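Chains as they are written, first to last, in my numbering: chain A, 1 to 488; chain B, 1001 to 1219. Just so it is clear, CB atoms sit at the ideal spot from N, CA and C, and this is done for glycine as well. Because the structure is a prediction, the values reported are computed rather than measured.
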C-alpha cells in the first residue's frame, strides 16, 4: 500500500496545486450540496404541507341526484300537473359519524344554517335590505317562505370554520363556539352588532323563529368576533348584512329550524389527515352513504403547494445532476492535465515495476484527500448557498402560483344565496360554516439544514465524481509506455 | 546471467532494422559499456534488456528464463534497476523517500529500513543534511548519486544505465562511474551502461560498439 504514502507525499509537497484542487472541488461540491439541500427541504416542505395545508371532504345533499329525480318525475307526469319541487335530503349526523370513523379523518365540523328575527335587539341595517325568502333546513320542503333578519350559522366549532381558520374572522372577546356548546343556546355575535346594541359577553338576547310556532328563544352571548369585511355590498341582494351573522351550535340552528331537523345538518366538513389520500378516503366514504348524499373533496391548497414544491424539487434535482456532471468533466480535465504533467513520474513508477492499477489508485487517493477537505468546506458553505438559492426559488414559485390562482379561483362557495323556497336552504353548503378552500395559498419556507444524511449523500457524489474523473483520466496512464516517456 | 538470442528491432520497416540477430551474454559482477553514434539503436537495445519494450524478433533470457515467461512488469520489479540520464527521481520526495519508495515497490529485502537507505545515501556522499531535502534542491551530480543509490537499495542483479554521465561534469562523471564499478565488483551485480563517451566506456570491464546493426566487441 505504498501508493497511500506516495499520495500523501505528493499532496503535501505540492501544496499550491492541492489548495487549488480543494477550492475547485469545494465549489463543485458546494453547488451539489445546495441542490441536495433544496431537494430535501422541498420534500420536507411537501410533507409538512400535507398537515398544514390539509384537505377537506364535504358531505352534503346530492343536488344532482335530486335534479334527476325532478326531471324524471316531470317527464312522467302530465303537463297540467304542478311543477315538481327540488327536494334535498338533509345530512344525517349518524352517516357523518360513520365517515368520521374512517382512518384518514382528523376532525369534522357540522354546519346547519338558518335565519331568525331579532326580538330584543336591532340588526345592523343595510341599504340593500333583506331579500331572502327561505327558511328551514336543507332539503326540507318548506311551507313557509319567510326569512329572518339574523343569519344563524350553526357549527360544531367556530375554530374549524374557514372564516376563522383563514383569519377572516377573529374572536375579540370571550370565546368561540365549541363542541361542548352542543345543546346550549350559546352564541357568538359580530362586533358591530354587539356595539350597536351594547351587548357584551354574558348578556342574553332574544330571537324569534321565522317558521312554525314562531316562538322566541333566549340566547346567551359567549363571544364576540370581528369579521374582516362586514360590508353588505359583498353579500347578495337577498342576504342580511354579514354583521348580523350569529354563530351558534348546530343544535341551536336545528332547534330554530324545527324539531324534524334534529340530528341533521346542511353539510358536514371532514378534515383529512393526509391530503394525498383524500380521493381514497372519499371513495371509502362513498361506500358508507346513500345516493341521496354526495361527498366532495377539496385539496386545492395541498395540491398547489405540492405542485410548487415539486417544481422546486425538480429544479434542485437538475442542479444536482448538472453540477455533478459538469463537476466530473471539470475535475476529469484537471486530472488529465495533472497526469500529463506527471508522465515522467508514472514512467519511473512503471520502470520500477509498479502495477498500473496502483498508479491509478495513487491518483484516486490524492483526489480523495482533496475531496475530504472540500466536503468539509462545502458542508459549511453549502447551507449558505442553499439558503440563497432556496429562497429565490420559493419566491419565484410563489409568484407563479399566485398568478395561476388568480386566474383559476372560483368566486364564492357552493352555497345558494337566499333560497328558493322549495329547497328551504338558507345559504346551504356555501354558508360561512363550510370550509371552502381559500385562494390564498402560502408556500412553506424551505428550511435548509445540513443533516448527516445530506453529508453522506454529498460524500457519495464526491466519491462518484472523483472516481469517474480518475477513470476518465486514467486511460492515459493505462496506455502510457515507459520507454516513450523515459527514453527519448 | 542475461542472454540475448537473435534479438532484432525495427520501428516501421522490417527491412530497415536498428539491429538484427544480436546474440550477447552479460555476466554478474561485470560492467559493460555499449558505445555507438547517435541513432544507432543503443538506447533501444537498453530499453529491451531493461524490460521497457518488447523485441520485434528474438528473445532475452535471464538465468535461462525468457522475459516473456517472467513478464515485463515482474522483471522490472525484481530483476532490473534502471538509471536514466535525466535521473528521473520522484520530484516531490526527498532522497530518503525516493529510496524507500523504490524499495517498497520492488519488495526489496531492506524495504522499509530507513537506516539502510540512509547508510547507502551517506556512502554515496549524500549527507544527513541532504537526505530529507527535496531532490529538486540537489545538484545534478547529487541527484544522479541518489538515482544510483536507488539501484543499490533494490535487490535487482541487473543494473542498466542510459547515458548516466550525460549531464555531469568531469568530477561527478568519475565519481558516478566509480559507483557503478563498486556495484559490479562489490555487490556482484551486472552493470550495463550505454554511453557515447569513450572515457566512461574505458572504465568498464567490457566494451561493445553498435555499428552496422551489429554489436562489435572492443574489449
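Closer than 8 Å, CB to CB, is residue i near chain B or not?
{"i": "residue 351(A)", "result": "yes"}
{"i": "residue 403(A)", "result": "Only weak support exists for where residue 403(A) lies, its pLDDT of 48 falling under 50; the coordinates are left without a value."}
{"i": "residue 348(A)", "result": "yes"}
{"i": "residue 355(A)", "result": "yes"}
{"i": "residue 486(A)", "result": "yes"}
{"i": "residue 340(A)", "result": "no"}
{"i": "residue 6(A)", "result": "yes"}
{"i": "residue 483(A)", "result": "yes"}
{"i": "residue 20(A)", "result": "no"}
Can you tell me where the beta strand (DSSP E) holding residue i begins and where it ends?
{"i": "residue 269(A)", "result": "267–272"}
{"i": "residue 205(A)", "result": "204–209"}
{"i": "residue 155(A)", "result": "150–155"}
{"i": "residue 58(A)", "result": "55–61"}
{"i": "residue 160(A)", "result": "Run containing residue 160(A): none; DSSP gives neither H nor E here."}
{"i": "residue 120(A)", "result": "First-last for residue 120(A): undefined, no H or E at that position."}
{"i": "residue 1081(B)", "result": "1080–1083"}
Kindly indicate if chain A contains any beta-carbon less than 8 Å away from that of residue i.
{"i": "residue 1121(B)", "result": "no"}
{"i": "residue 1097(B)", "result": "yes"}
{"i": "residue 1272(B)", "result": "What the structure shows of chain B is the stretch from 1001 to 1219, and residue 1272(B) is not part of that stretch, so it cannot be assessed."}
{"i": "residue 1004(B)", "result": "no"}
{"i": "residue 1130(B)", "result": "no"}
{"i": "residue 1205(B)", "result": "no"}
{"i": "residue 1162(B)", "result": "yes"}
{"i": "residue 1043(B)", "result": "yes"}
{"i": "residue 1053(B)", "result": "yes"}
{"i": "residue 1117(B)", "result": "no"}
{"i": "residue 1082(B)", "result": "yes"}
{"i": "residue 1219(B)", "result": "no"}
{"i": "residue 1200(B)", "result": "no"}
Report buried or exposed for residue i, applying the criterion of at least 16 other Cβ atoms within 10 angstroms of its Cβ.
{"i": "residue 366(A)", "result": "buried"}
{"i": "residue 255(A)", "result": "buried"}
{"i": "residue 170(A)", "result": "exposed"}
{"i": "residue 1173(B)", "result": "buried"}
{"i": "residue 384(A)", "result": "exposed"}
{"i": "residue 372(A)", "result": "exposed"}
{"i": "residue 28(A)", "result": "buried"}
{"i": "residue 1218(B)", "result": "exposed"}
{"i": "residue 1184(B)", "result": "buried"}
{"i": "residue 483(A)", "result": "buried"}
{"i": "residue 15(A)", "result": "exposed"}
{"i": "residue 1011(B)", "result": "exposed"}
{"i": "residue 1198(B)", "result": "exposed"}
{"i": "residue 95(A)", "result": "buried"}
{"i": "residue 469(A)", "result": "buried"}
{"i": "residue 67(A)", "result": "exposed"}
{"i": "residue 283(A)", "result": "exposed"}
Would you mind reading off the limits of the alpha helix (DSSP H) that contains residue i?
{"i": "residue 1128(B)", "result": "1128–1131"}
{"i": "residue 302(A)", "result": "300–341"}
{"i": "residue 178(A)", "result": "First-last for residue 178(A): undefined, no H or E at that position."}
{"i": "residue 1170(B)", "result": "1170–1185"}
{"i": "residue 461(A)", "result": "452–479"}
Against residue i, what residues of chain A qualify as contacts under a CB-to-CB distance less than 7 Å, listed in chain order?
{"i": "residue 1092(B)", "result": "9, 10, 13 and 14"}
{"i": "residue 1047(B)", "result": "483 and 487"}
Since residue i and residue j should fall inside the 8 Å C-beta cutoff, what is the C-beta to C-beta distance between them, to a whole number of angstroms?
{"i": "residue 1102(B)", "j": "residue 352(A)", "result": "6 Å"}
{"i": "residue 1190(B)", "j": "residue 1030(B)", "result": "6 Å"}
{"i": "residue 160(A)", "j": "residue 107(A)", "result": "6 Å"}
{"i": "residue 113(A)", "j": "residue 152(A)", "result": "7 Å"}
{"i": "residue 1156(B)", "j": "residue 1080(B)", "result": "5 Å"}
{"i": "residue 2(A)", "j": "residue 1131(B)", "result": "Between residue 1131(B) and residue 2(A) the Cβ distance is about 19 Å, and since that is not below 8 Å, they are no contact."}
{"i": "residue 93(A)", "j": "residue 258(A)", "result": "Residue 93(A) to residue 258(A), Cβ: 16 Å. No contact."}
Can you list the residues of chain B that residue i reaches, using a CB-CB cut of under 7 Å?
{"i": "residue 344(A)", "result": "1088"}
{"i": "residue 2(A)", "result": "1101, 1104 and 1105"}
Which chain A residues are close to residue i, counting only those with a beta carbon under 9 Å from its beta carbon?
{"i": "residue 1066(B)", "result": "Those do not exist, as residue 1066(B) stays about 17 Å from chain A at its closest Cβ, beyond 9 Å."}
Show which residues of chain A have a CB atom less than 8 Å away from the CB atom of residue i.
{"i": "residue 1078(B)", "result": "353"}
{"i": "residue 1074(B)", "result": "353"}
Could you check whether the Cβ of residue i sits closer than 8 Å to any Cβ belonging to chain C?
{"i": "residue 102(A)", "result": "Of the protein chains in the structure, A and B, none is chain C."}
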